[in-house]
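Peer 1: Letter by letter, the sequence shown follows residues 1 to 121 in full-length UniProt numbering.
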Amino acid sequence: MTVDLHAEFPTPLNPRGTDSQPVTIGALKELLTGLQQTIQADVTSLCVDITGMVSRLSTLESSSDSQTRRIAALENLVKGLQQQQALTKQRFASLDDQRRCKNHKVWGIPEEIPAAELPIW
């Protein structure tokens, strides 16, 4: 099934090609499904990491180790959290870059236009 949005919107809304090619529901579903799967995988991974860190904190809290060892373990945990935060920021920046690239290819929207300036349909 295809939808001709050109009649309603003068901005070129064309998937992977020319202005004469209408937007397809399938192309939109493909983009959204891919984005959904990527985000779900990232969130699941992040939740697993956070759950593991909470578990390690609980273990550390009840540990009979010396205070020096507990502090060292806590410092390692903080470093792990900082690394996870950096990876998460990097991953979402990568997703944003992918979104911009797909917007350019699918919708014909120049990459330099910030998403906030795009019309909402």
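Beta carbons: idealized from backbone N, C-alpha and C, even for Gly.
Span of the alpha helix (DSSP H) holding D42?
Peer 2: I25 to E61
Peer 1: For a quick check, are the C-beta atoms of R70 and S63 less than 8 Å apart?
Peer 2: yes
Peer 1: Please go through the same chain and pick out, in chain order, the residues whose beta-carbon is closer than 7 Å to the beta-carbon of G80, but skip the five residues on each side of it.
Peer 2: M53
Peer 1: Rounded C-beta distance between T88 and L35? I'm assuming under 8 Å.
Peer 2: The pair is not a contact, with the Cβ atoms about 16 Å apart (cut-off 8 Å).
Peer 1: Inspect the beta-carbon positions of R91 and D42 and report whether they are closer than 8 Å.
Peer 2: yes
Peer 1: Return yes when the C-beta of L35 is under 7 Å from any heavy atom of the ligand SAH, and no when it is not.
Peer 2: Questions concerning the ligand SAH fall outside what the structure shown contains, since it holds no ligand whatsoever.
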